[in-house]
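For the record, the sequence lines run as chains A and B. So the first sequence is numbered by the numbering used here: it starts at 1 and just counts up by one. So the second sequence is numbered by the numbering used here: it starts at 1 and just counts up by one.
2 protein chains.
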Amino acid sequence: MRTLCHDLPAATPGTEVVLEGWVHRRRELARVTFLVLRDRSGLAQVVLPAGRSVPPEETTVRVTGTATATAQAPGGVEVTAATVEALTDDALTPPAELWRPTLDVSLPTLLDHAPVLWRHPAQRAHWELAAASLRGFRGTLDGLGFTEIATPKLVGTATESGSTVFEVDYFGRPAYLAQSPQLYKQQMVGVLERVYEVGPVFRAEPHDTVRHLAEYRSLDVELGFVRDHRDVLAVLREVLAGMVAAVAEREDAVVRAGARLPVVPDEVPVVHFADALALAGAPDDEPDLAPEHERALGAWALAEHGSDFVAVEGYPMAKRPFYTHPWTGAGLEARSARTSTTEGGDERWSNSFDLLFRGLELVTGGQRLHRAADYEAALLARGEDPATHAAYLQAFRHGMPPHGGFAIGLERWVGRLVEAANIREVTPFPRDLHRLAP
Amino acid sequence: MRTLCHDLPAATPGTEVVLEGWVHRRRELARVTFLVLRDRSGLAQVVLPAGRSVPPEETTVRVTGTATATAQAPGGVEVTAATVEALTDDALTPPAELWRPTLDVSLPTLLDHAPVLWRHPAQRAHWELAAASLRGFRGTLDGLGFTEIATPKLVGTATESGSTVFEVDYFGRPAYLAQSPQLYKQQMVGVLERVYEVGPVFRAEPHDTVRHLAEYRSLDVELGFVRDHRDVLAVLREVLAGMVAAVAEREDAVVRAGARLPVVPDEVPVVHFADALALAGAPDDEPDLAPEHERALGAWALAEHGSDFVAVEGYPMAKRPFYTHPWTGAGLEARSARTSTTEGGDERWSNSFDLLFRGLELVTGGQRLHRAADYEAALLARGEDPATHAAYLQAFRHGMPPHGGFAIGLERWVGRLVEAANIREVTPFPRDLHRLAP
Chain A
1 MRTLCHDLPA ATPGTEVVLE GWVHRRRELA RVTFLVLRDR SGLAQVVLPA GRSVPPEETT
61 VRVTGTATAT AQAPGGVEVT AATVEALTDD ALTPPAELWR PTLDVSLPTL LDHAPVLWRH
121 PAQRAHWELA AASLRGFRGT LDGLGFTEIA TPKLVGTATE SGSTVFEVDY FGRPAYLAQS
181 PQLYKQQMVG VLERVYEVGP VFRAEPHDTV RHLAEYRSLD VELGFVRDHR DVLAVLREVL
241 AGMVAAVAER EDAVVRAGAR LPVVPDEVPV VHFADALALA GAPDDEPDLA PEHERALGAW
301 ALAEHGSDFV AVEGYPMAKR PFYTHPWTGA GLEARSARTS TTEGGDERWS NSFDLLFRGL
361 ELVTGGQRLH RAADYEAALL ARGEDPATHA AYLQAFRHGM PPHGGFAIGL ERWVGRLVEA
421 ANIREVTPFP RDLHRLAP
Chain B
1 MRTLCHDLPA ATPGTEVVLE GWVHRRRELA RVTFLVLRDR SGLAQVVLPA GRSVPPEETT
61 VRVTGTATAT AQAPGGVEVT AATVEALTDD ALTPPAELWR PTLDVSLPTL LDHAPVLWRH
121 PAQRAHWELA AASLRGFRGT LDGLGFTEIA TPKLVGTATE SGSTVFEVDY FGRPAYLAQS
181 PQLYKQQMVG VLERVYEVGP VFRAEPHDTV RHLAEYRSLD VELGFVRDHR DVLAVLREVL
241 AGMVAAVAER EDAVVRAGAR LPVVPDEVPV VHFADALALA GAPDDEPDLA PEHERALGAW
301 ALAEHGSDFV AVEGYPMAKR PFYTHPWTGA GLEARSARTS TTEGGDERWS NSFDLLFRGL
361 ELVTGGQRLH RAADYEAALL ARGEDPATHA AYLQAFRHGM PPHGGFAIGL ERWVGRLVEA
421 ANIREVTPFP RDLHRLAP
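Following this line, the structure appears as structure tokens:
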């Protein structure tokens, strides 16, 4: 019967225990040999008589010995009088010493040797926080009456714009990798009303930045019967709180990753796009927020509201996809602290938002159009033929509720949690312009 | 404040309630108009004065009226003196009457009109069972110390065999869609020891059958420190039990879908491949089980063991992928009820298995090789250059435990639960040789 490292402190002193894991570190001293064993649960200290050989670091082993109380061991119990049986041949020396407190390697080294270097407890913790976040995301939405969906990643037409799609040879004809589940999650709102999906999305991003990947995990949400995008933001607030709470439960991984957990305010501060430009010191005719504007807004939210999060609503329609609902400010006016004069029903602005987390765009969302006629007009206005979206438009012709949703980038979320300089530091096998392996 | 249909029976009679949803059915009688409203939670009966118009079926509406106890209504409460506000233009007539108890349409009609026809309560239930299964899958594995992972779907080399991969134009060079997360989940065993992934897999299957799709959801599991594939089967048994339990919690959807839930036996019956051939009446030199053999074995398991599940272990090495661990029968002999003479350490057979559910292959799994030298030999023996798997082999050179895992096809699982004739009946947007839309 195997004992996990983190259960060793609960073993009765004097009893025999069997541990299995990797040789995290071996230290052969004159009178004694120490072995630190690593398994999925943590580390354990093992003591062998001097002269007893231990396989090199990273070899997998089975350790049999006596649980012994000692103040020097982590958790107060170590394994003594141990015998060590190797489960494989001797492991090759890793490209960095995994037992050191920090993994001090360059980014290319980390990425090239991901299967080995991600074993470092601090590095592995990044993904443990990602997994905890997924659990918090789903748990929150399950509690709010959402149903998980899975929509096709192979699609016949480019989802939202043709510029950044990957083309696939699909039985001799072209298909595309879905840039987002947007059009499908909307259709499933017609079926299940409240839906979410966790899945890969694909962007043939031709630029090489610290915050873009060609494949990433999108946490998508869509819900029917909303008044406007503020109802969507309210669900987003619950989801973020649930994700932070689930991450906090993995306290060991939080510590190993050096993550600083944010507080999700009861009301996330919201500023209108026009005001955001002013706050960020950007010209008032800018059509979008540049990274430096996002950083300035993040700093403002922290200084003014003590919040790591700030939502910017009302993005210019011209910069949003065809399914975006125009601004219906009137109903919002009372709820908003905006100071600018963007009165209700303005076609320049939209009922959409971005949510910034520590000065970086993390979430895009908003209210969508829900009338078939509005879709046809929106597509025609952009020079697109509604016939290419015939299957999608079916849903609207057959009755759809006012609805909206959002998408969170999982890797960006973890990257901001641990304040990584590059999103690739928290992505085990990133895909970008240059990288398709490991 | 909106009341959901399934909460209506709890409303205080005489109070005003607001419901939102789709017009599921309207019936205009001489003295009264009935409207059945559908939302994500169920149906509610609404009564309007005669002559009051109700939008056509599938239009989304907001209903305001008085909660009124009546024996005739489902749940004992209906909404009377109601006013109905349409939230969109009149909906187009659906291609089938969604209010009828069964959705009697051809498969092509169902698939072409998926965004509308999946709204039928019995049809929608298929996906609700899929979602419940996912919850049961993850919940069981979280409880067993597994960590969810997400591995790349864009890969530089074909995963297991070159014959059925989709090629992608990846920034001007070829990439492939992952046929399975196999090679990556193994690498992540080196990092996290016990991992699972729910994600799309892609198979350029050139044949058109009732049980294959070009894109489907694979529920992948991989764990380290196993003795052999029987340890993997034991985890699979727990996972299946967890999935059935989670499905059973959605009793309403089980009833709507007409699903017959299986009992997962404490010990799933296991037969050796050689014995399986004999039981199925197949020639003893068959290298694989044909669909009719699977059906025969399913019938045998039900008759002999009262089990909807049967595992076949020891598949011929020649038919399994390069990473398959050969048969180590000795340790298994005592645990197995086999009658044939496949003694320990036989290189013809493998430590792999298929699990059949109601006579259909649902799961493939087994123990994998874990020594770097074994991988090199296995690849060379198949005429493959180990260098093409350099990144993958890194994990083994740097120390991996004995490990194994399995993969469940989500759509097949739901298909067998509801005993669908074609896997496409339970897949909202199937992808195959002929179909790339909706």
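The beta-carbon is built from N, C-alpha and C at its ideal position, and this holds for glycine as well.
If residue i and residue j are in contact, beta carbons under 8 Å, what's the gap, nearest whole angstrom?
i: E197 of chain B; j: E148 of chain B; result: 7 Å
i: R203 of chain B; j: Q179 of chain B; result: 6 Å
i: V268 of chain A; j: L261 of chain A; result: The pair is not a contact, with the Cβ atoms about 16 Å apart (cut-off 8 Å).
i: V247 of chain B; j: A82 of chain B; result: At roughly 35 Å, the Cβ-Cβ gap does not stay under 8 Å, so V247 of chain B and A82 of chain B are not in contact.
i: R93 of chain A; j: G399 of chain B; result: Reading the sequence as shown, one finds Thr at residue 93 of chain A and not Arg. About 11 Å; that fails the 8 Å criterion.
i: S352 of chain B; j: H229 of chain B; result: 6 Å
i: L192 of chain A; j: R124 of chain B; result: 7 Å
i: L65 of chain A; j: C5 of chain A; result: First, the residue type needs correcting, since residue 65 of chain A is Gly and not Leu in the sequence shown. Between C5 of chain A and G65 of chain A the Cβ distance is about 13 Å, and since that is not below 8 Å, they are no contact.
i: Y176 of chain A; j: A158 of chain A; result: 5 Å
i: L369 of chain B; j: Y323 of chain B; result: 6 Å
i: V270 of chain A; j: A311 of chain A; result: 5 Å
i: H113 of chain B; j: Q394 of chain A; result: 7 Å
i: R38 of chain B; j: R194 of chain A; result: Wrong, their Cβ atoms sit about 14 Å apart, outside the cutoff.
i: L355 of chain B; j: L236 of chain B; result: 6 Å
Spatial neighbours of residue i within its chain, please: CB distance less than 6 Å, with the 5 preceding and 5 following residues excluded, ordered by chain position.
i: P430 of chain B; result: L213 and R424
i: P174 of chain B; result: E167
i: L110 of chain B; result: L117
i: W300 of chain A; result: L279
i: E20 of chain A; result: R2 and R62
i: F396 of chain B; result: A372 and Y375
i: R27 of chain B; result: F34
i: H120 of chain A; result: L98 and L103
i: P283 of chain A; result: none
i: L141 of chain B; result: Y196
i: A67 of chain A; result: A11, P13, T15, V17 and V77
State the beta-bridge partners of residue i as determined by DSSP.
i: Q72 of chain A; result: Answer by DSSP bridge pairing: none, since Q72 of chain A is not bridged.
i: D169 of chain A; result: A:P174 and B:E167
i: W349 of chain B; result: B:P316
i: V155 of chain B; result: B:Y176
i: V47 of chain A; result: A:F34
i: V201 of chain B; result: B:Y216
i: F309 of chain B; result: B:F357
i: R26 of chain B; result: B:L35
i: P115 of chain A; result: Partner(s): none; P115 of chain A has no beta bridge.
Within a Cβ cutoff of 7 Å, which residues of the same chain sit near residue i, ignoring the five residues on either side of it in sequence?
i: T339 of chain B; result: Because T339 of chain B carries a pLDDT of 42, less than 50, the predicted location of this residue cannot be relied on, and the following value inherits that uncertainty. The answer, listed in chain order, is D275.
i: T302 of chain B; result: Here residue 302 of chain B is Leu; the residue named in the question, Thr, does not match the sequence. Contacts found: D308.
i: P438 of chain B; result: A114, P115 and F429
i: A318 of chain A; result: P287
For residue i, which residues in the same chain have their Cβ closer than 8 Å to its Cβ, ignoring the five residues on either side in sequence?
i: A69 of chain A; result: P13, G76 and V77
i: R320 of chain B; result: S350, S352 and G366
i: G139 of chain A; result: G242 and A246
i: D472 of chain A; result: Outside the displayed range of chain A (1 to 438) lies residue 472 of chain A, so it cannot be described from this structure.
i: H434 of chain B; result: D208
i: E441 of chain B; result: The structure shown does not extend to residue 441 of chain B, since chain B spans only 1 to 438, so no value can be given for it.
i: D385 of chain A; result: L379
If the cut is a Cβ gap below 7 Å, which residues of chain C does residue i touch?
i: T88 of chain B; result: The question asks about chain C, but that chain is absent: this structure's protein chains are A and B.
Counting beta carbon pairs with one atom in the region 40-48 of chain B and one in the region 417-429 of chain A, are three or more of them shorter than 8 Å? no
Measuring CB atoms only, is the region 405-416 of chain B touching the region 359-367 of chain B, in the sense that at least three cross pairs come out at less than 8 Å? Output reads yes: the region 359-367 of chain B touches the region 405-416 of chain B.
Residues of the region 123-138 of chain A in Cβ contact with chain B at a cutoff of 8 Å, in chain order, please. R124, W127, E128, A130, A131, L134, R135 and R138
Mind the definition here: the region 54-71 of chain A touches the region 31-38 of chain A only if three or more C-beta pairs lie below 8 Å; say whether that holds. yes
Return the residues of the region 28-59 of chain B that lie within a Cβ-Cβ distance of less than 9 Å from chain A, sorted by chain order. D39, R40, S41, P55, P56, E57, E58 and T59
May I ask you to list, following chain order, the residues of the region 90-109 of chain A that have a beta carbon less than 7 Å from some beta carbon of chain B? A91, L92 and P94
Counting only Cβ-Cβ distances shorter than 9 Å, please list the residues of the region 357-374 of chain A near chain B, keeping chain order. H370, R371, A372 and A373
At a Cβ cut of 9 Å, what residues of the region 265-288 of chain B count as close to chain A, listed as they run along the chain? Across the region 265-288 of chain B, no CB contact with chain A closer than 9 Å is found for any residue.
Looking at chain B, which residues of the region 152-176 of chain A have a Cβ within less than 9 Å of any of its Cβ atoms? P152, K153, L154, V155, G156, T157, F166, E167, V168, D169, Y170, F171, R173 and A175
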